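Peer 1:
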Amino acid sequence: MTRKLPRSFYSRPTLRVARDLLGKYFIRRAGRFVFVGKIVEVEAYRGSIDPASHAYRGKTPRNEVMFGEAGHLYVYFTYGMHFCANVVTECPGKAGAVLLRALEPIRGLERMKLNRTTKGRSLDLFQLTNGPAKFCQAFSIVRNDNGTDLLGDRIYITEGEPVVDSEVSRSQRVGIRTGRDKKWRYFVKGNLWVSRP
DNA sequence: CGACCGATTGACT
DNA sequence: GTCAATCGGTCGG
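In terms of my numbering, the first sequence opens at residue 12 and continues consecutively.
#1: What are the residues that DSSP puts in a beta bridge with A113?
#2: At the level of alpha carbons, what is the spacing between G58 and R43?
#3: Would you kindly report the start and end of the unbroken beta strand (DSSP E) that includes C95?
#4: For a test of the three-state rule: what should DSSP assign to K15, helix, strand or coil?
#5: Put S59 into one of helix, strand or coil per three-state DSSP.
#6: Using a Cβ-Cβ cut-off of 8 Å (strictly less than) and excluding sequence neighbours within five positions of E54, which residues of its own chain qualify?
#7: At what residues does the beta strand (DSSP E) containing F198 begin and finish?
#8: Is A96 near C147, with beta carbons less than 8 Å apart?
#9: Since Y167 sits in a beta bridge, which residues does DSSP pair it with?
#10: So M123 and F37 are in contact, right, with Cβ under 8 Å, and what is the actual spacing, rounded?
#11: Check whether the Cβ atoms of E178 and V199 sit closer than 8 Å, and answer yes or no.
#12: Going by the DSSP bridge assignment, what does H83 pair with across the sheet?
#13: Nearest to F20 by alpha carbon, out of L161, L203, I187?
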């Protein structure tokens, strides 16, 4: 695969990191399994200036990873059953994160299917990773992965495939009330794994 | 404390 | 289209 992104990629303004994450390869090693997916949909959450951000009201035990060094994974638990994963951005002390909303599965598909299967129901390929909690379930990302350094070997992101501006679309973010007007969702135009709210 | 509700998903009318 | 699942974060008393 291509080379691992350096810390300097993450230590930048959140909107820039969000757009530039499109096309990158997200890699997760879990025991003998390796999962790889191309990032095709993300949302920026901009800390103290963003009412929709978990970090808007300051640092707490839950969101402290967002206030730390860029290039770590912020994983949170929601709706009593789902996990969602973010990439931490900006410099230490300034909270920022990019929510990974959808990936195009590249490697580890069979195990992803098993991870995503409930009650023996079979899922088609497009439902494997077309949502933030779906992707975490497919890639076995859980509470314990919160804070993981993306410059380590367990979870990391590589250069992947460049996505030119003409292939990028922006929209309002999904599933939030405050800050709904901001177009801080970025996705690859026409990609079949992009979630459709 | 107790009440409310969420960066979601899947099942169902 | 509607709605329950399920639990921890957050906020008011």
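All C-beta atoms in this analysis are idealised placements derived from N, C-alpha and C, irrespective of residue type, glycine included.
Predicted model, so just to flag it, every value in this text is computed and none were measured.
Peer 2: From the atom records:
#1: E52
#2: 36 Å
#3: 93–99
#4: strand
#5: helix
#6: A29, V109, L110, R112, R184, V185, W195, R196, Y197
#7: 196–199
#8: yes
#9: I38
#10: About 12 Å; that fails the 8 Å criterion.
#11: yes
#12: D160
#13: L161
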